[in-house]
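Below you'll find the structure, written out as structure tokens, and then a few comments.
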Amino acid sequence: MTAVLGGLGPGGQLIVVGAPADPLQVPAGLLIGGRRSVAGWPSGRSIDSEDTMAFAARTGVRSMNEIFPLERAAEAYERMMSGGARFRVVLETGA
């Protein structure tokens, strides 16, 4: 969690969508010093996801990604944490 929060800019917000099994540990200094925050967001009902995907398919909505092979995960992480990533960083497993 510390590494992820460190990648947020001043005033940044980390949105937790999934529900991890373990408690989240967040260093207060990282939150306060950078005016960062952590918030939870319910992912909604399955019909909401289906509607969203149908809308995306119907209108041609596509995410903008920077795709890295899994073997370059460290490079992808560094690009993201340094602020160099322009779009969503995605690791491709080849599966």
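The sequence shown begins at 383 in my numbering and counts up by one.
Quick reminder that beta carbons are idealized off the backbone N, C-alpha and C, glycines included.
Considering just the uninterrupted stretch of the alpha helix (DSSP H) at residue i, what are its terminal residues?
{"i": "Pro432", "result": "Residue identity check: residue 432 is Glu in the sequence provided, not Pro. Ser428 to Thr441 is the span of the alpha helix (DSSP H), which, as asked, contains Glu432."}
{"i": "Val398", "result": "Element bounds for Val398: not the alpha helix (DSSP H) but the beta strand (DSSP E), Gln395 to Val398."}
{"i": "Glu457", "result": "Ala455 to Met463"}
Taking just the CA atoms, how far does residue j sit from residue i?
{"i": "Gly442", "j": "Glu432", "result": "15 Å"}
{"i": "Ala467", "j": "Phe450", "result": "12 Å"}
{"i": "Gly422", "j": "Leu473", "result": "24 Å"}
{"i": "Arg461", "j": "Glu453", "result": "14 Å"}
{"i": "Arg470", "j": "Ala458", "result": "10 Å"}
{"i": "Val408", "j": "Gly426", "result": "25 Å"}
From this set, the options, which residue's C-alpha is nearest residue i's C-alpha?
{"i": "Gln395", "options": "Val408, Gly416, Val420 and Pro402", "result": "Val420"}
{"i": "Ala455", "options": "Phe469, Thr475, Ala439 and Ala436", "result": "Thr475"}
Give a yes or no on whether the C-beta atoms belonging to residue i and residue j are separated by under 8 Å.
{"i": "Gly340", "j": "Met463", "result": "Past the edges of the chain, shown from 383 to 477, lies residue 340, and the structure says nothing about it."}
{"i": "Leu387", "j": "Leu412", "result": "yes"}
If you follow the beta strand (DSSP E) that residue i is part of, which residue opens it and which one closes it?
{"i": "Arg470", "result": "Arg470 to Glu474"}
{"i": "Ala421", "result": "Ser419 to Gly422"}
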